[in-house]
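Undergrad:
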Amino acid sequence: MFEIKDKVIYINGEVYDLPVEGKFVIPNLLDESYKQNDIFLTDKGNKDQYKSLSIPKKGDTIKVDSENLQLLIHVMLLDGHKVTMISGEEKYPFTMNDPNELFRRKSMFWFFKRSNPNKIFSNISKDYFPRGRLLVPWQISNRPRPDNLLVDNIPISDMEYYVVKKDYYWAMGDNRDDSLDSRYWGFIPRDYILGEALFSWFSINLDTGFPRFKRIGNVIH
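Letter by letter, the sequence shown follows residues 29 to 249 in the working numbering.
(1) Using a Cβ-Cβ cut-off of 6 Å (strictly less than) and excluding sequence neighbours within five positions of proline 121, which residues of its own chain qualify?
(2) Excluding the five sequence neighbours on either side, which residues of its own chain have a C-beta within less than 6 Å of the C-beta of tyrosine 197, listed in chain order?
(3) Does the region 204–214 come close enough to the region 225–237 to have 3 or more Cβ pairs within less than 8 Å?
(4) Is it right to say tryptophan 138 is buried, meaning 16 or more other beta carbons lie within 10 angstroms of its own, or is it exposed?
(5) Please tell me whether histidine 102 and proline 174 are closer than 8 Å, where the distance is taken between their beta carbons.
(6) Which of the three DSSP states is assigned to leucine 81 in this structure?
(7) For threonine 89, which residues in the same chain have their Cβ closer than 6 Å to its Cβ, ignoring the five residues on either side in sequence?
(8) I'd like the span of the beta strand (DSSP E) that includes methionine 113, first residue to last.
(9) What separation, rounded to the nearest whole angstrom, lies between the Cα atoms of lysine 193 and methionine 124?
(10) Helix, strand or coil, according to DSSP, for valine 99 in the structure here?
(11) Which residue from Glu118, Phe241, Leu100 puts its Cα closest to that of tryptophan 229?
(12) Give me the DSSP bridge partner(s) of glutamate 118.
(13) Closer than 8 Å by C-beta to glycine 201: which residues in its own chain qualify, once you throw out the five before and the five after it? Chain order, please.
(14) Would serine 259 pass as a contact of asparagine 176 if the rule is Cβ separation under 8 Å?
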């Protein structure tokens, strides 16, 4: 007979000792050889096996070539430049405004059209590729070419080097195995950082809705 009482498993009236590997979920880590296309700098492997990289700082000089354009587009946008991809007669500007983040913050709303009441439309997603023209640098499936890019309306192919204007930081989420952090959306400029967390001001148990008093006031290391 099998039963659970006070979070303890009993089989035929005897306590069943749960094996160590059954007390937690072992993360399924991606193999080092697997290339993940939706991460920042796709040549760095994947979220579990991320290769080492240099974090840009103010005054650094980066060579402009086809191998590091994804990094350059990211840094140039955060430095305040306008970056545009050219395809024939069409222009596709880059932005650092993530449509997924806009949706998460509920800035994106849905609406109906009388002409098609069975379909839901969005007022923001239509602005982003493929429905619109806006691009974000971490969602480029194909490596951009220098002759297709403009920086402040100047061909990037005319540039040999780029000098970084700001100091940048790498942000790692508190859940290393499942966080959307700098592995996905890249570096953070110094002026985006508001401060440093020193202690836990408040903590709540999302299952019960009650405060977790043991965590309130704890110093964050």
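We put the CB at the ideal spot given by N, CA and C, even for glycine.
All values reported here derive from a predicted model rather than from experimental measurement.
TA: Reading it off the structure:
(1) Position 93 of the sequence shown, counted from the start, is the residue given in the question as residue 121. For proline 121, where only same-chain residues beyond five positions count, the Cβ hits under 6 Å are Thr112.
(2) Indexing the sequence shown from 1 puts residue 197 at position 169. Counting only Cβ-Cβ distances below 6 Å, and skipping sequence neighbours, we find Ile216.
(3) As far as the Cβ criterion goes, the region 204–214 does not touch the region 225–237, which means the pair count is below three.
(4) Locating residue 138 in the sequence shown gives position 110, where the first residue counts as 1. With a pLDDT of 49 at tryptophan 138, under the threshold of 50, the modelled position of that residue is not reliable, and the figure given next carries that caveat. In the assembly as shown, tryptophan 138 is an exposed residue. Its beta-carbon has fewer than 16 other beta-carbons within 10 Å.
(5) Position 74 of the sequence shown, counting from 1, holds the residue named residue 102. Position 146 of the sequence shown, counting from 1, holds the residue named residue 174. It is not a contact, given that the beta carbons lie outside the stated cut-off.
(6) Against the sequence shown, residue 81 aligns to sequence position 53. Reduced to three states, the DSSP call for leucine 81 is coil.
(7) In the sequence shown, residue 89 corresponds to position 61, counting from 1. Around threonine 89: Tyr189, Val191.
(8) For the purposes of this step, residue 113 is taken as residue 85 along the sequence shown, with counting starting at 1. First-last of the beta strand (DSSP E) with methionine 113: 111–115.
(9) Position 165 of the sequence shown, counted from the start, is the residue given in the question as residue 193. Position 96 of the sequence shown, counted from the start, is the residue given in the question as residue 124. Each residue's Cα considered, the two are about 17 Å apart.
(10) Position 71 of the sequence shown holds residue 99. Note on identity: in this sequence residue 99 is leucine, with valine being the wrong assignment. DSSP places leucine 99 in helix when its eight states are reduced to three.
(11) The residue labelled residue 229 in the question sits at position 201 within the sequence shown. Selected option, being the one with the closest Cα: Phe241.
(12) Taking the first residue of the sequence shown as position 1, residue 118 is located at position 90. Ser115.
(13) If you number the sequence shown from 1, residue 201 lands on position 173. Closer than 8 Å at the Cβ level, and outside the excluded window around glycine 201, lie Ser207, Leu208, Asp209.
(14) Because the chain spans 29 through 249 in this model, residue 259 falls outside it and cannot be assessed.
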